Amino acid sequence: MEKKKWYELAEQRRQVLNLSQVELADYFDVSQVTVGNWLNNRREPTLETIAKLLDYLGVSETVLHSDGSLSSGVSLTLGAEYQIKVAGELEFRSQLESPWQALDGEYITYASNDPRAFAVRVQGTKLEPRIGNGEFVVISPSVAVQQYDEVLVELANGNYMIKLFLAHRDGLYRFIDPNKGFNGEEDTRTTEEVRRVRYISAILKPKRELK
505 MEKKKWYELA EQRRQVLNLS QVELADYFDV SQVTVGNWLN NRREPTLETI
555 AKLLDYLGVS ETVLHSDGSL SSGVSLTLGA EYQIKVAGEL EFRSQLESPW
605 QALDGEYITY ASNDPRAFAV RVQGTKLEPR IGNGEFVVIS PSVAVQQYDE
655 VLVELANGNY MIKLFLAHRD GLYRFIDPNK GFNGEEDTRT TEEVRRVRYI
705 SAILKPKREL K
């Protein structure tokens, strides 16, 4: 009977689901170092934690053996919570604003704790190196925006921007370019110019074929 170590399968699933170690650490209320130690077999969590971790990663019907291996009858699931809709596409080639192009029927694999989360595909090189051509940004509308968050800005004119959020006070929004940071000029917009600002929870690479 073929066996795989629980931490090997957990790491494999983490990569498939585009989950960072930081996100797992937040979920389990531990440090990123602790999660890294679990997945590299430098430190073994409790059996309860292993079970919870595997369940969170979509692994079910497992038999965990005393040597840390799992039987080959493992069932892998990708529930609806791991599939988020690619709702639209934005194109940034020579400009930092883009109209919205709606998409339908496309999904990517990502584990989000926001049931309203959706993804946006970014085309063009204007936002490189932070966001590459063909990459996705995951929007979490339920998460409150805080200072220095990367955000999707919907403007009253119908265009969209991706910026670093600085502040909103005295009737003004203040943003900066996510690539230039504090070395770049601030982009200041009035409250009337901005329709909505939403939190970007992740930047995902497009899927590639395995060698």
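Counting from 505, one number per residue, gives the positions in the sequence shown under the numbering used here. Using N, Cα and C, we set each Cβ at its ideal position, and we do this for glycine too. Keep in mind the model is a prediction, meaning the values are calculated, not measured.
>> Between which residues of its own chain and Leu521 is the CB-CB distance below 7 Å, once the five residues before and five after are set aside?
In response: Leu561, Tyr586, Thr613, Tyr614, Ala615, listed in sequence order.
> According to the neighbour-count rule (16 or more other Cβ atoms, all chains shown, within 10 Å of its Cβ), is Leu609 buried or exposed?
Replying inline: Position check: residue 609 holds Gly in this sequence, whereas Leu was assumed. Using a 10 angstroms sphere on the CB of Gly609, the tally of other CB atoms stays under 16, which defines it as exposed.
> Looking at C-alpha atoms only, which residue of Phe686, Thr694, Lys667, Glu601 is the closest neighbour of Asp674?
Replying inline: Checked all of Phe686, Thr694, Lys667, Glu601; the closest Cα to Asp674 is Thr694.
>> Let's test the definition: count the other Cβ atoms within 10 Å of the Cβ of Tyr652 and tell me whether it reaches 16, buried, or not, exposed.
In response: When all chains shown are included, Tyr652 counts as exposed.
>> Tell me which residues share the same chain as Asn683 and place their Cβ nearer than 8 Å to its Cβ, disregarding the 5 neighbours each side in the sequence.
In response: If we look at Asn683 and ignore the five residues flanking it on each side, its Cβ neighbours are Leu631, Glu632, Pro633, Arg634.
>> Applying the 10 Å Cβ sphere with the 16-neighbour rule, what's the burial state of Glu527?
In response: By the Cβ neighbour-count rule, Glu527 is buried, with 16 or more other Cβ atoms within 10 Å of its own.
> What's the gap between the Cα of Ile643 and the Cα of Ile704?
Replying inline: Their Cα atoms are separated by approximately 5 Å.
>> On a Cα-Cα basis, can you pick out the residue from Leu513, Asn617, Phe532 that is closest to Tyr588?
In response: The identity of residue 588 in the sequence shown is Ile, whereas the question assumes Tyr. That would be Asn617, whose Cα lies nearest to the Cα of Ile588.
> Which residues does DSSP pair with Leu523 in a beta bridge?
Replying inline: Its beta-bridge partners do not exist; DSSP assigns none.
> Since Phe477 contacts Ala623 with CB under 8 Å, what's their CB separation in whole angstroms?
Replying inline: Residue 477 lies beyond the stretch modelled for the chain, which goes from 505 to 715, so this question has no answer here.
> Any idea what DSSP makes of Thr695, helix, strand or coil?
Replying inline: Helix.
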